[in-house]
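One structure is given here, and the rest of the page talks about it.
Quick look at the structure:
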């Protein structure tokens, strides 16, 4: 059964919480990150993506990048932006996006539980991204970006959330994107014991987002087998009925040597094609944007496994591979993944500006399907889920240096 442990957090002083914390490193490319750090010079992004503070001629995976990250991290500690909490405890992290509210428990999970399958994954990881996060974690001797986990709904955990959320928060601020971030510190001994015991009752926890950071944490732990804190990594676990998933869309840069009419003819052999966007989105319904025209593609066949019946799997195996030549979406440079937050307008822009030739809007993957795939020890196609709102990095840090 999974362990979920309290920890001694390294965290910003309250007056720095908003200006220091940042969106995750992989939300920004290098140019965007450089602009963000110039605009917000205290931003944790200068640690999380330190290449944005170095000349472009230095490769983003050069060891000097990780050395620079460690220097920025030390500077944040030396200048008292970051301070170490006195005690080990749990935290609550509440995100509010309009009417949507989700509140998760912040703690540490164990590498051994991850390795043994009690923390379940649903995605393959890319070796280059793994290496990047291994070097980053090892250079900082800290886990700075929490893994997003999901757990089955739990009445006792929900009770603690309801009670603790009435307390005065450690941090509460609203970011430019309109998301309210609130952190509560849980120090009540009885509640802390209950949190640990309740998580231990669950068969498994599920990685929703952060597969590369989790795999990197596992590899770093093996570099430091005698360091007990290195055998743990930072996570925020939300009840599965609170998480909001958006579709993770696709765009392809060419039509694989076909005309528009030829492509439409081939697609109509496996999908029911209708001109125009659908009034509603639903499972097995795709929307394709091509030459300033939307088409609705309905798929009526049923696959035999949960994994193969996912919309992302159907699109990949029934359209992208046979009709557009995308054999391996993890390595093919012709495909681009477009986060759900960008919506229809983002897809139209890619095609209308000539960056991509065709774009596909997908219905969100169901979290129940994600958990069933993980329980079966299977993996989804890459970029199957897009979660909103995003957790901030740098608010709560798990360090394993002395």
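Residue numbers (our numbering): -12 to 389.
Glycine residues also receive a C-beta, built at the ideal position from the N, C-alpha and C atoms.
Small disclaimer: the values here were computed from a predicted structure and weren't measured.
Asked	Found
Quick check on residue 19: does DSSP put it in helix, strand or coil?	helix
Could you tell me whether the stretch 34 to 41 touches the stretch 53 to 66, where touching means 3 or more Cβ pairs closer than 8 Å?	yes
Keeping to the same chain, check which residues put their C-beta closer than 6 Å to that of residue 83; ignore five residues upstream and five downstream.	167
Within the continuous beta strand (DSSP E) that includes residue 241, where are the two ends?	That residue, residue 241, is in no beta strand (DSSP E); it is neither H nor E in DSSP.
Using only CA atoms, which one of 346, 243, 305 and 371 lies nearest to residue 312?	243
What is the DSSP secondary structure of residue 386, reduced to helix, strand or coil?	strand
Below 8 Å on the Cβ atoms is my contact criterion, and I expect residue 285 with residue 310 to pass it. Report the Cβ-Cβ distance as a whole number of Å.	Rounded, the Cβ-Cβ distance is 16 Å, inconsistent with contact.
Spatial neighbours of residue 374 within its chain, please: CB distance less than 8 Å, with the 5 preceding and 5 following residues excluded, ordered by chain position.	135, 195, 196, 230, 231, 232 and 233
Measure the beta-carbon distance from residue 350 to residue 295 and round it to whole angstroms, keeping in mind my assumption that it falls under 8 Å.	16 Å between Cβ atoms; not a contact.
Tell me, please, whether the stretch 365 to 379 touches the stretch 318 to 333 by the rule of three or more beta-carbon pairs shorter than 8 Å.	yes
Could you please give the first and the last residue of the uninterrupted alpha helix (DSSP H) stretch that includes residue 403?	Look at the range of the chain in this structure, -12 to 389, and you will see that residue 403 is not part of it.
If I follow the unbroken beta strand (DSSP E) through residue 224, where does it start and stop?	219 to 226
Which same chain residues end up closer than 7 Å to residue 21 when comparing Cβ atoms and leaving out the 5 residues on each side of it in sequence?	39
Where does residue 94 fall in DSSP's three states?	strand
Here's the rule: buried if 16 or more other CB atoms are within 10 angstroms of the residue's CB, otherwise exposed. What is residue 180?	exposed
Does residue 356 pass the burial test, meaning 16 or more other C-beta atoms within 10 Å, or should it be called exposed?	buried
For residue 92, which of 81, 384 and 360 has the nearest alpha-carbon?	81
If we count the other Cβ atoms within 10 Å of its Cβ and call it buried at 16 or more, is residue 50 buried or exposed?	exposed
Among 130, -12 and 178, which one has its Cα closest to the Cα of residue 223?	130
Roughly how many whole angstroms lie between the Cα atoms of residue -5 and residue 47?	31 Å
Using CA coordinates, which residue listed in 128, 162 and 236 is at the minimum distance from residue 387?	128
Quick check on DSSP: helix, strand or coil for residue 2?	helix
Quick one: residues in its chain with C-beta nearer than 7 Å to the C-beta of residue 156, no 5 flanking neighbours on either side, listed in chain order?	169, 170 and 171
CB residue 76 to CB residue -10, shorter than 7 Å?	no
So what does residue 374 bridge to, in DSSP terms?	232
Along the chain, where does the beta strand (DSSP E) that runs through residue 170 open and close?	167 to 173
Could you pull out every residue in the same chain whose Cβ sits closer than 6 Å to the Cβ of residue 5, ignoring the five residues on either side in sequence?	160
Could you give the DSSP three-state label for residue 380: helix, strand or coil?	strand
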